[in-house]
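Asker: Going line by line, the protein sequences match chains X and S.
Be aware that the first sequence starts at 13, since it is given in this note's numbering, and climbs by one per residue.
Be aware that the second sequence starts at 475, since it is given in this note's numbering, and climbs by one per residue.
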Amino acid sequence: GEDVEQSLFLSVREGDSSVINCTYTDSSSTYLYWYKQEPGAGLQLLTYIFSNMDMKQDQRLTVLLNKKDKHLSLRIADTQTGDSAIYFCAGGATNKLIFGTGTLLAVQP
Amino acid sequence: KAGVTQTPRYLIKTRGQQVTLSCSPISGHRSVSWYQQTPGQGLQFLFEYFSETQRNKGNFPGRFSGRQFSNSRSEMNVSTLELGDSALYLCASSLGGEGYGYTFGSGTRLTVV
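Structure follows, in structure tokens:
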């Protein structure tokens, strides 16, 4: 079945780059998304990439997609304390999203 | 432009009761989907509606149901509540589904006691 895996935790220092990784099993996803969730809040869409693209850059965010390995990554440049949150990758398929387990990003000042 | 509005924000119910949650999508969005978020199971898809028709349904028991009105507002209902139904219920709206992006509301925190 469909499955999306992420590492559980990532700790970085303020100003460093963060790289959050995601692997998925279902290659039928047309779009792949990254969402951010802060404590007590809903999900905020950060960016998404069409499955026939390899890379997408959006200000401090860079998404890389390796279709052969079914691997997706989100790079956050110049990470700030305000970036501390849980990050979810998700595959879009048949009018629904399949979410990963989420990665808690902790940014140390 | 108003975002996705979910009401109520918090709810406490007793086991065996039923509950109705409401979601008002972004104006012009015709797709509304619902997700359940729990610490143990993560984010799981419940169902998706487009123009009042359910297009997709997740793997949840029949106690979970939903509907969408002609103004695109949606409700989900959970009957005969169980302790395990305690969760954050998130609603997402979209112009038409994947490819258009999904915007989420802040969620309804349901606690079953």
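Backbone N, C-alpha and C fix where the C-beta goes; we use that ideal spot for every residue, glycine too.
Because the structure is a prediction, the values reported are computed rather than measured.
Please identify the residue among Thr488(S), Thr582(S) and Ser507(S) whose C-alpha is closest to the C-alpha of Gly570(S).
Answerer: Ranking the options by Cα distance to Gly570(S), first place goes to Ser507(S).
Asker: Can you look up Asp95(X) in the DSSP assignment and give me helix, strand or coil?
Answerer: In this structure, Asp95(X) counts as helix in the three-state DSSP scheme.
Asker: From Tyr99(X), Thr74(X), Met67(X) and Ala105(X), pick the residue whose C-alpha is nearest to that of Glu17(X); which is it?
Answerer: Answer by Cα proximity: Tyr99(X).
Asker: Between the alpha carbons of Ser39(X) and Ser568(S), how many angstroms are there, rounded?
Answerer: Looking at the two C-alpha atoms, the distance is approximately 22 Å.
Asker: Of the choices Val586(S), Leu584(S) and Ser580(S), whose alpha-carbon is the least far from that of Leu57(X)?
Answerer: If we check each option's Cα against that of Leu57(X), Ser580(S) comes out closest.
Asker: When you compare only the Cα positions, how much space is there between Glu522(S) and Gly103(X)?
Answerer: The straight-line gap from Cα to Cα measures roughly 15 Å.
Asker: Return the residues of the stretch 54-75 of chain X that lie within a Cβ-Cβ distance of less than 7 Å from chain S, sorted by chain order.
Answerer: Listed by position along the chain: Gly54, Leu55, Leu57 and Tyr60.
Asker: Secondary structure at Gly514(S), three-state DSSP: helix, strand or coil?
Answerer: In the structure shown, Gly514(S) sits in coil (DSSP, three-state: anything other than H, G, I, E or B).
Asker: Would you give the residue range spanned by the beta strand (DSSP E) that Asp70(X) belongs to?
Answerer: Note, Asp70(X): beta strand (DSSP E), Met67 to Asp70.
Asker: Can you name the residues of chain S whose CB is closer than 7 Å to the CB of Thr106(X)?
Answerer: Within chain S, the residues near Thr106(X) are Asn530.
Asker: For Val444(S) and Cys565(S), which I take to be in contact (beta-carbon distance under 8 Å), what is that distance rounded to the nearest angstrom?
Answerer: Residue 444(S) lies beyond the residue range present for chain S, which begins at 475 and ends at 587; the question has no answer from this structure.
Asker: Closer than 9 Å by beta-carbon distance: list the chain S residues that pair up with Leu109(X), in chain order.
Answerer: Those are Ser507, Tyr509, Leu517, Phe519, Ala566, Glu572 and Tyr576, listed as they occur along chain S.
Asker: Return yes when the Cβ of Leu44(X) is within less than 8 Å of the Cβ of Leu77(X), no when it is not.
Answerer: Yes. Within cutoff.
Asker: Here's the rule: buried if 16 or more other CB atoms are within 10 angstroms of the residue's CB, otherwise exposed. What is Gly54(X)?
Answerer: The residue is buried, with at least 16 neighbouring Cβ atoms inside 10 Å.
Asker: Are any of the Cβ atoms in chain S nearer than 8 Å to that of Phe21(X)?
Answerer: With 8 Å as the cut-off, Phe21(X) does not count as an interface residue toward chain S.
Asker: What residues from chain S crowd round Thr113(X), counting only those whose CB sits closer than 7 Å?
Answerer: In chain order: Gly516.
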